[in-house]
Amino acid sequence: MDEGTQNAQKANTDERIETIEKKMEDIVLKLSRGRKKKKDIRKIEVGSIVKQILTNEEYTRLLHVCDNSEYVLEDKFIVRTMLTIGFRLGEVVHFKKCWVNFDQKTITIPAHEPCNCGYCKSQLKRQLKRIGKSKEEQESISEKEVMNYYWQPKTNAGVRVVYYGFDSEYEMILNDYFSKYDGWPGAYITAYRRIRKLLDLAGLQNHVDHHLRKTAGTNYAAAGLTEHQLMDVMGWDDADVAREYIRLYGPRSVESQKKVLGEGKKKGYISDSRIALYLTAFGRQVLTRRKYRDEEEWLRDVLFSKKDDTERKITDY
Ligand SMILES: [Zn+2]
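Quick note on this note's numbering: the sequence shown kicks off at 809 and runs consecutively.
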């Protein structure tokens, strides 16, 4: 056997050993996972939303930090646009004056806002990677190409119209901001860092920028927006997300339960003797029949001996 063949055989064996080792690792991993599952105490995870929402106290603290900030207008604009209106950070950064209808108090997020900032460039690169373009192709995109595609909302549902007239304070911030700027004066990363800084100053290190948007979502749900209205205003494609927000934060169902069931009027159902009043003659016969008698025989008797009488009762029942 020559050396080449020997080497090839050795490589082949090594490869087979490696495959077997990998398979054994997988088996051990699977077994350990199974065991772990059995040992775990069942724990209900109530979505991931709850921990991410700012409490009223945290909300106030963050706004207080903005009020005392060096860049008070800019900071209030970013924070409130996310926290009150529910914008994503990418939307805040690309938010242009022409999106606002100051008479109707609405903001229209378009399908396209030409931009070639660093953030937009990286978003396009990411898309090129996803559709399998080579590294060279990703690197060689021109600024014009970036502009052709970006900026665009995260999803189709991101193209939307939102009303802001419900918050007069936000309205003032918006008016002040757009009398000074046509759009965010810095880069995406600057806005991101500003929020991090403000959260830090407010002692909210457990929160990230996206939590502001989620908090807005829960406030909308608490205000009573329906599933579809919530999807529209938040720019969500997924109805499940909206339903979860409403289930957790919507106006509690107690009010509607009271409406249907009344308050203190009806007592327990089955234990209430008056229930007998609602039974048909046949129902009463069933309830008052002699016990220990053969059920089938009894039923046959009732149904066929007084046929005319019971037939009508059965239909009533
Ligand atoms: Zn951009």
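From the three backbone atoms N, C-alpha and C, an ideal C-beta is built for every residue, glycine too.
Asked                                                                                                                                                      : Found
Starting from V908, follow its DSSP beta bridges and name the residues at the other end.                                                                   : I915
Should Y989 be listed as close to ligand 1, given that the test is whether its C-beta is under 6 Å from any heavy atom?                                    : no
Compare the Cα-Cα distances from L1006 to each of A1047, A1089, T868, E833 and report the closest residue.                                                 : T868
Please find out if some non-hydrogen atom of ligand 1 comes closer than 6 Å to the beta-carbon of W959.                                                    : yes
Is any non-hydrogen atom of ligand 1 found closer than 6 Å to the C-beta of C906, if you look at the structure I gave you?                                 : no
Work out the CA separation of N820 and I828 for me, nearest whole Å.                                                                                       : 12 Å
Let me know if A1029 comes out buried or exposed under the rule of 16 or more other beta-carbons within 10 Å of its beta-carbon.                           : buried
So I861 and T1023 are supposed to be a Cβ contact under 8 Å. How far apart are they, rounded?                                                              : 5 Å
Locate the alpha helix (DSSP H) running through Y1000, then write down its first and last residues.                                                        : 996-1009
Less than 7 Å separating the beta-carbons of E1035 and R1055?                                                                                              : no
Exposed or buried, what is L1012 when buried is set at 16 or more other beta-carbons lying within 10 Å of its beta-carbon?                                 : buried
Please report the residue range of the beta strand (DSSP E) in which R1021 lies.                                                                           : First-last for R1021: 1017-1031, but that is the alpha helix (DSSP H), not the beta strand (DSSP E).
What's the C-alpha gap between L881 and L1069?                                                                                                             : 50 Å
Please confirm if the region 933-946 is in contact with the region 989-1000, defined as three or more CB-CB distances below 8 Å between the two stretches. : no
Cα separation between K913 and V969?                                                                                                                       : 10 Å
Consult DSSP for V967 and reduce its assignment to one of helix, strand or coil.                                                                           : coil
Tell me the residue span of the alpha helix (DSSP H) that contains W1106.                                                                                  : 1103-1108
So what does G991 bridge to, in DSSP terms?                                                                                                                : K904
Which residue comes first and which comes last in the alpha helix (DSSP H) that contains M890?                                                             : Looking at the DSSP string, M890 is not in any alpha helix (DSSP H), and its letter there is neither H nor E.
Is any non-hydrogen atom of ligand 1 found closer than 6 Å to the C-beta of C925, if you look at the structure I gave you?                                 : yes
Put G1072 into one of helix, strand or coil per three-state DSSP.                                                                                          : coil
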